[in-house]
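My numbering applies: residue 1097 is where the sequence shown begins, and numbers increase by one. For every residue, glycine included, the Cβ atom is placed at its ideal position computed from N, Cα and C. Since the structure is predicted, the reported quantities are computational estimates derived from the model, not experimental observations.
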Amino acid sequence: MGGELTRGPDMAGTLPGAEPRPAGTPRIVGIVWGLLVLNTLGSAGAKTIVPLPRSLIQMVTMGSLVAAFALALAVNQRLRIRASAYVLLLTLLLVSSVISSASLESGTGALFRCFRLTLFVGTLWLLSCWWDGSLAFVRYHIRAYFAVLASVALGLVVSPGKALPDLYGGRLVGALWPLTPPQIGQYAAVIIGLTMLLVIGRRTDRTSAVLVIVPSLVLLALTHTRTATLGLLLGLALAIGSLVLTSAAARRFFTWAVLCSVVAAVGFASALQTWFLRGQSQENFSSLTGRAKVWNALLAAPRTTGEKAFGVGLGDKSFGGLPIDNSWLAVYNEQGLIGVILVAAIIIVLGGVALLRPPSLQRACAIFLISYCAIASYTEAGLGDASPYLLHLALAASLLAAPAQATPLALPEAPRRHVPRWARRSEVT
């Protein structure tokens, strides 16, 4: 989301004193985006085929973030940045996180997480000069997460037992890199949705789309991730709905999707219910797999005024040794009410800008990403720290940015040549 929030559409969108945005997007920018994806994969998950020490995984993920920042700085040596309300709000969230973590109530690890978030936000600032509303970052996003899913599929082929362990109820996990079912489901749902929108907008061929969508759908089904599935369906419905009035392809896709959904609901109701419940009891399902108990305990815990305002500092998104699994409560716990307000402002600002944009493929992709993150925030944490969700929203912000206009070069004025008076008279005559 660029400077159009505070400037008119005729402005270039760069900060005062900044140089014009360089033409084109260097290939190294795609590498930087891929490194950011690698950093947000995390270090906790299932047991892998080859045991990987957590210290090694953290070294790889943190090293990828440092490399991403260094490469972004190398490709943007003149520090060209573009005004972005999204990254500005993230910067304010970072400041709030540093204030809350300074007390070390969550341990020295809180300061390390603040340093990580600083590099993450700094890298987004350095990349912002290439946010021009194009689909370049959408393709980077799809390629990076498809590579992650390819490693999951390879682990499933090499060791089905490790990839579908009983510990996770037979749900698909990462056997080569420790990834949990919700992570895999999230990555699959996001690239499925983006690829479908590219097909509707005729920005990719159907063969390439099938090679991405079909394997991703299989992996999503094997994860049994309800949040990712609902986020995909509702996000696509909103995104395609934004194109219905202006795109015949969107209308055809929407019609066929409704028909297929009705047939599936009628013909496969029992199978869909079994898949959705995952063998859980009604009580366990109603308590959101035990999440509600953790949420109630977190809200009932006594807090000082400072903890209510700023939180206890960045942590591992857990309370009482159990995962919080809710972005809003995790932010409230770690960054307080100020953090909740800033995260809500991010969603509201991005959503408001998307609604004000004229119908387009870029707008539809942004609506899908914003909707997915908003839906997933109810049962997944990540909106308050460096995570895939912040990358999804960064991609949405890049799609909502107005194209930066090239600034014409100011040519030096040619010196006036003195013309004698007699020559002027001869020209007149």
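Could you give the distance in angstroms between the alpha-carbon of Val-1253 and the alpha-carbon of Leu-1268?
Indexing the sequence shown from 1 puts residue 1253 at position 157. Indexing the sequence shown from 1 puts residue 1268 at position 172. Using only the alpha carbons, I get a separation of about 12 angstroms.
Please classify Met-1292: is it buried, with 16 or more other beta-carbons within 10 angstroms of its beta-carbon, or exposed?
Walking along the sequence shown from the start, residue 1292 turns up at place 196. By the 10 Å Cβ count, Met-1292 comes out buried.
Can you tell me whether DSSP reads Leu-1131 as helix, strand or coil?
By 1-based counting over the sequence shown, the position of residue 1131 is 35. Of the three classes helix, strand and coil, the one that applies to Leu-1131 here is helix, per DSSP.
Buried or exposed (CB count within 10 angstroms, at least 16 for buried), Ile-1124
For the purposes of this step, residue 1124 is taken as residue 28 along the sequence shown, with counting starting at 1. When all chains shown are included, Ile-1124 counts as exposed.
Across the segment 1385-1401 and the segment 1174-1192, are there enough close Cβ pairs to call them in contact, namely three or more that are closer than 8 angstroms?
no
Measure from the alpha carbon of Leu-1137 to the alpha carbon of each residue in Ala-1493, Leu-1487, Ala-1492 and Leu-1496, then state which is nearest.
On the sequence shown, position 41 is the one that residue 1137 refers to. Nearest of Ala-1493, Leu-1487, Ala-1492 and Leu-1496 to Leu-1137, Cα basis: Leu-1487.
For Leu-1326 and Val-1306, I'd like the C-alpha separation in whole angstroms.
Looking up residue 1326 in the sequence shown gives position 230. Looking up residue 1306 in the sequence shown gives position 210. Rounded to the nearest angstrom, the two C-alpha atoms are 21 angstroms apart.
So which of Arg-1176, Glu-1201, Ser-1199 and Cys-1210 has the shortest CA-CA distance to Leu-1189?
What you label residue 1189 is simply residue 93 of the sequence shown in a count that begins at 1. Closest option to Leu-1189, Cα to Cα, is Cys-1210.
If we call anything under 8 angstroms between Cβ atoms a contact, is Ser-1202 one with Gly-1478?
For the purposes of this step, residue 1202 is taken as residue 106 along the sequence shown, with counting starting at 1. For the purposes of this step, residue 1478 is taken as residue 382 along the sequence shown, with counting starting at 1. Cβ distance not < 8 angstroms, so Ser-1202 and Gly-1478 don't count as in contact.
Express the C-alpha separation of Ala-1206 and Leu-1491 in angstroms, rounding to a whole number.
Position 395 of the sequence shown, counted from the first residue, corresponds to residue 1491. Position 110 of the sequence shown, counted from the first residue, corresponds to residue 1206. C-alpha separation (whole angstroms): 26 angstroms.
Ends of the alpha helix (DSSP H) at Arg-1347?
As a working mapping, residue 1347 is identified with position 251 in the sequence shown. From DSSP, the alpha helix (DSSP H) with Arg-1347 extends over 1344-1363.
In the DSSP output, which residue or residues are listed as bridge partners for Leu-1334?
Here residue 1334 refers to the residue found at position 238 when the sequence shown is read from its first residue. Note: Leu-1334 sits in no beta bridge, so no partner.
Answer with buried or exposed for Arg-1459, where buried requires no fewer than 16 other C-beta atoms within 10 angstroms of its C-beta.
Your numbering for residue 1459 matches position 363 in the sequence shown. Classification for Arg-1459: buried.
Can you tell me which of Ile-1238, Arg-1176 and Leu-1263 puts its alpha carbon nearest to the alpha carbon of Val-1286?
Taking the first residue of the sequence shown as position 1, residue 1286 is located at position 190. Considering only alpha carbons, the answer is Ile-1238.
Since Ala-1493 and Trp-1227 are thought to touch, with beta carbons under 8 angstroms apart, how far apart are those beta carbons, to the nearest angstrom?
For this step, residue 1493 is matched to residue 397 along the sequence shown. For this step, residue 1227 is matched to residue 131 along the sequence shown. Correct: roughly 7 angstroms between the Cβ atoms.
Is it true that the CB of Ser-1467 sits closer than 8 angstroms to the CB of Gly-1331?
As a first step, residue 1331 must be located in the sequence shown, where it is residue number 235. As a first step, residue 1467 must be located in the sequence shown, where it is residue number 371. Cβ distance < 8 angstroms, so Gly-1331 and Ser-1467 count as in contact.
Between Leu-1313 and Ile-1288, which are expected to be in contact by the criterion C-beta below 8 angstroms, what is the C-beta distance as a whole number of angstroms?
One-based indexing of the sequence shown puts residue 1313 at position 217. One-based indexing of the sequence shown puts residue 1288 at position 192. Contact flag correct, Cβ pair sits at about 6 angstroms.
Considering only the alpha carbon of each residue, which of Arg-1322, Pro-1455, Val-1310 and Leu-1318 lies closest to Thr-1475?
Translated into the one-based positions of the sequence shown, residue 1475 becomes position 379. Among Arg-1322, Pro-1455, Val-1310 and Leu-1318, the Cα nearest to that of Thr-1475 is on Arg-1322.
Pairs of beta-carbons, one from the segment 1215-1223 and one from the segment 1152-1171, closer than 8 angstroms: are there three or more?
yes
Opening and closing residue of the alpha helix (DSSP H) in which Leu-1200 lies
Taking the first residue of the sequence shown as position 1, residue 1200 is located at position 104. Leu-1200 -> no alpha helix (DSSP H), and no H or E assigned at all.
Excluding the 5 residues preceding and the 5 following Ala-1396 in the sequence, name in chain order all residues of the same chain whose CB lies nearer than 6 angstroms to its CB.
On the sequence shown, residue 1396 is found 300 positions in, with the first residue counted as 1. Result list for Ala-1396: empty, nothing under 6 angstroms.
Can you give me the start and stop residues for the alpha helix (DSSP H) that Glu-1403 sits inside?
Start at 1 with the first residue of the sequence shown, and residue 1403 comes out as number 307. Run containing Glu-1403: 1401-1406, per the alpha helix (DSSP H) assignment.
For chain D, find out if any of its Cβ atoms is closer than 8 angstroms to the Cβ of Ala-1164; answer yes or no.
The chain labelled as chain D is not found in the depicted structure, where only one protein chain is given.
Answer with buried or exposed for Val-1362, where buried requires no fewer than 16 other C-beta atoms within 10 angstroms of its C-beta.
Within the sequence shown, the letter at position 266 stands for residue 1362. Exposed, since its Cβ has fewer than 16 Cβ neighbours within 10 Å.
Bridge partners for Phe-1415 per DSSP, in chain order?
Taking the first residue of the sequence shown as position 1, residue 1415 is located at position 319. Per DSSP, Leu-1418.
Indicate the three-state DSSP secondary structure (helix, strand or coil) for Glu-1430 in the structure shown.
Residue mapping note: residue 1430 aligns to position 334 of the sequence shown, counting from 1. The answer is helix: DSSP assigns Glu-1430 an H, G or I state.
Would DSSP call Asp-1481 helix, strand or coil?
Taking the first residue of the sequence shown as 1, we reach residue 1481 at position 385. Coil at Asp-1481, not helix or strand.
Exposure label - Gly-1265; buried when at least 16 CB within 10 Å
As a working mapping, residue 1265 is identified with position 169 in the sequence shown. Answer is exposed; the Cβ neighbour count stays below 16.
For the alpha helix (DSSP H) that Cys-1469 lies in, which residues bound it at each end?
Position 373 of the sequence shown, counted from the first residue, corresponds to residue 1469. Counting along the chain, the alpha helix (DSSP H) containing Cys-1469 begins and ends at 1457-1472.
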